[in-house]
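Chemist:
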Amino acid sequence: MPIDFKIKSVSRYENGVTSSSEAGFSSSLRRRLINSTTNLDSPVAIVVDQYGFQNLVHFHNRLVFHLDSVAVSSSIFKTLKIGMVKHGNKSKAWYRQQTISVLIVSAFLILFVLMMLFRKESQERDILVEATPKQKWDSFNYLVQFNPNREFCNGTDIISQIPDSPKSVLFFAHGCNGKAVNFWDRSPECPSCVGLPEERLIVLHALSKRFAVLTISSSQKCWTLGKELAVVKDIIRWWVGKNKLEKLPLVGLGASSGGYFLSVLATKLKFDSITLMIAEGLYEQMEVTERYPPTLFVHMPKDHFRQQKINENMEFLKGKGIDVAEIECLEFALWPHFLADRISGLDKNVSAKLFELFQAKGFVDGNGKMLKDGRATRWKEALKASGISLPDNSLTNHIQEELNLAFAYHEMTSLEADKIFTWFESHFT
0 MPIDFKIKSV SRYENGVTSS SEAGFSSSLR RRLINSTTNL DSPVAIVVDQ YGFQNLVHFH
60 NRLVFHLDSV AVSSSIFKTL KIGMVKHGNK SKAWYRQQTI SVLIVSAFLI LFVLMMLFRK
120 ESQERDILVE ATPKQKWDSF NYLVQFNPNR EFCNGTDIIS QIPDSPKSVL FFAHGCNGKA
180 VNFWDRSPEC PSCVGLPEER LIVLHALSKR FAVLTISSSQ KCWTLGKELA VVKDIIRWWV
240 GKNKLEKLPL VGLGASSGGY FLSVLATKLK FDSITLMIAE GLYEQMEVTE RYPPTLFVHM
300 PKDHFRQQKI NENMEFLKGK GIDVAEIECL EFALWPHFLA DRISGLDKNV SAKLFELFQA
360 KGFVDGNGKM LKDGRATRWK EALKASGISL PDNSLTNHIQ EELNLAFAYH EMTSLEADKI
420 FTWFESHFT
């Protein structure tokens, strides 16, 4: 049975000492507390009205309520059962619970808004970053070094490298006018190797991911779809068997002509997945079954015709139950040190002079973007007339490739290598 009491006085309780100091209490609050009626039930109950509760919470000090000579310290508030002085007023525990709930919800909403703002800024920033080369020509120096092995088989040039503990075999098929030597830096093991910037970077990326890399030169300017299919199929099988890599997943990447060739080769040789780069494949000319490998299309949407064909072929393959995906590669602006960042042997001083030349000749717009594909830009003539000397005249091919890449119409690219290798790895069986 509850017993009613009246609050006779209010004092402060700090460090074990009870003080009658009124500091921090308004006179009206003190009057409202004193002589208020409350009751003590099990274990103890202290009743204060809404106004008093709000002020007590604000002070952050221990208080002592004297109830008919019985002092109850606020240090035991956690054991108190709070009632109401009059109808309609809420208890201290109720307000405490509501305050905590409001604070939690408010904190969550603030955090959510901040996350949305950060995500928006991050996405906008990622669009710019993804369209700009992140890696330099020497980005993999601390991870892996070229150490290729060159062979000749069936009249074809074969250059390969196997990293320690390989986890997959990757076959590269170059584009028209390409060769296996384009993928590897010049070295004592391969004195005629060229090391074009995009080809070499994607090979280095593969080696750093522990992919055994196999590059083969086509017999003619571009790949052919007759006898050469059987020749390459036999070379891949021979090379894999010779190096005891039969148990590893086999994947392929073909660019342009190499992409068309690989799309057909995948019907003759089992691949775990393939990537067709700047190529839509030749699916209208062959029979495709559900056993065809998962296919990733890496393309440049500025080439509208090829984009349309890729969209059609993706729908066709999906209809066969084949996993497909695409990566779009966009144009980006040049900057003074761009060519030095991407091409081994080209210093920043020469790179900056070339950038100034491109600006002066109107090859780039005010933002540094190429106005035409590198092949259609008369930059080589401008270079000869400028008096700018390259350390090696063969670097014109490297510069040409990077200008093509920046314009983003039709060129081999290493810029999306992370996504490409994630695709390969996600389809290992």
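The opening position of the sequence shown corresponds to residue 0 in numbering that gives the first Met the number 0, with each subsequent residue numbered one higher.
Just so you know, even glycine gets a beta-carbon here, dropped at the ideal spot from N, CA and C.
(1) On the DSSP letters alone, give me the boundaries of the alpha helix (DSSP H) that His-204 sits inside.
(2) Which residues bound the beta strand (DSSP E) around Gln-358?
(3) Skipping 5 residues on each side, what residues in its chain have a beta carbon closer than 7 Å to that of Asn-181?
(4) Rounded to whole angstroms, what's the CA-CA distance from Asp-340 to Ala-324? Just pull it up for me.
(5) Only counting the same chain, and skipping five residues up and downstream in sequence, which positions put a Cβ closer than 6 Å to that of Leu-295?
(6) In terms of alpha-carbon separation, which member of Phe-107, Lys-418, Ala-229, Val-212 lies closest to Ile-326?
(7) Can a CB atom of chain B be found closer than 9 Å to the CB of Ala-324?
(8) What distance in whole Å lies between the Cβ atoms of Trp-136 and Ile-387, which are believed to be in contact at a cut-off of 8 Å?
(9) Specify, as a first and last residue, the run of the beta strand (DSSP E) that Ile-215 falls within.
(10) Helix or strand or just coil, what does DSSP make of Glu-327?
(11) Mind checking which residues open and close the alpha helix (DSSP H) that includes Gly-344?
(12) In terms of alpha-carbon separation, which member of Glu-410, Leu-249, Trp-378 lies closest to Ser-425?
(13) Is the segment 278-294 in contact with the segment 387-398, if contact means three or more CB pairs nearer than 8 Å?
(14) What does the Cβ neighbour count give for Glu-279, buried or exposed, with the cut at 16 atoms within 10 Å?
(15) Report the rounded CA-to-CA distance for Ala-351 versus Pro-390, giving the unit in angstroms.
(16) Name the DSSP bridge partner or partners of Arg-149?
(17) Nearest-angstrom Cα distance between Ile-309 and Asn-176?
(18) Whole angstroms is fine: what's the gap from Lys-119's alpha carbon to Gly-367's?
(19) Touching or not, the segment 139-149 and the segment 220-239, by the rule of three or more beta carbon pairs under 8 Å?
Modeler: The short version:
(1) Sequence index remark: in the sequence shown, residue 204 carries index 205 (1-based). Counting along the chain, the alpha helix (DSSP H) containing His-204 begins and ends at 196-207.
(2) The residue labelled residue 358 in the question sits at position 359 within the sequence shown. Looking at the DSSP string, Gln-358 is not in any beta strand (DSSP E); the run it does join, the alpha helix (DSSP H), is 347-359.
(3) Residue numbering aside, residue 181 sits at position 182 when the sequence shown is read from its first letter. Answer for Asn-181: His-173, Val-193, Leu-195, Glu-198, listed in chain order.
(4) Stepping through the sequence shown from its first residue, residue 340 is reached at position 341. Stepping through the sequence shown from its first residue, residue 324 is reached at position 325. Each residue's alpha carbon lies about 30 Å from the other.
(5) One-based indexing of the sequence shown puts residue 295 at position 296. The answer, listed in chain order, is Thr-274, Ala-324, Trp-422.
(6) The sequence position of residue 326 within the sequence shown is 327, counting from 1. A check of alpha carbon separations from Ile-326 across Phe-107, Lys-418, Ala-229, Val-212 identifies Lys-418 as the nearest.
(7) Checking the listed chains, one finds no chain B in this structure; it contains a single protein chain.
(8) Here residue 387 corresponds to residue number 388 of the sequence shown, with the count starting at 1. Here residue 136 corresponds to residue number 137 of the sequence shown, with the count starting at 1. With 8 Å as the limit, Ile-387 and Trp-136 do not qualify as a contact, their Cβ atoms being about 20 Å apart.
(9) For the purposes of this step, residue 215 is taken as the residue at position 216 of the sequence shown. Residues 210-215.
(10) What you label residue 327 is simply residue 328 of the sequence shown in a count that begins at 1. Residue state, collapsed to three classes: strand.
(11) Taking the first residue of the sequence shown as 1, we reach residue 344 at position 345. Counting along the chain, Gly-344 falls outside any alpha helix (DSSP H), and DSSP gives it neither H nor E.
(12) The residue labelled residue 425 in the question sits at position 426 within the sequence shown. With distances taken between Cα atoms, Ser-425 lies closest to Leu-249.
(13) Counting C-beta pairs closer than 8 Å gives fewer than three between the segment 278-294 and the segment 387-398, which falls short of the contact rule.
(14) In the sequence shown, counting from the first residue as 1, residue 279 sits at position 280. Flag for Glu-279 reads buried.
(15) Taking the sequence shown and counting its residues from 1, the one referred to as residue 351 is at position 352. Taking the sequence shown and counting its residues from 1, the one referred to as residue 390 is at position 391. When rounded, the distance between both Cα atoms is 14 Å.
(16) One-based indexing of the sequence shown puts residue 149 at position 150. DSSP output for Arg-149 lists Ile-158 as bridge partner(s).
(17) Locating residue 309 in the sequence shown gives position 310, where the first residue counts as 1. Locating residue 176 in the sequence shown gives position 177, where the first residue counts as 1. Each residue's alpha carbon lies about 23 Å from the other.
(18) Within the sequence shown, numbered from 1, the residue matching residue 119 stands at position 120. Within the sequence shown, numbered from 1, the residue matching residue 367 stands at position 368. Below a pLDDT of 50, predicted positions are generally treated as unreliable, and Lys-119, at 47, falls in that range; the measurement from the model is reported next regardless. Each residue's Cα considered, the two are about 26 Å apart.
(19) no
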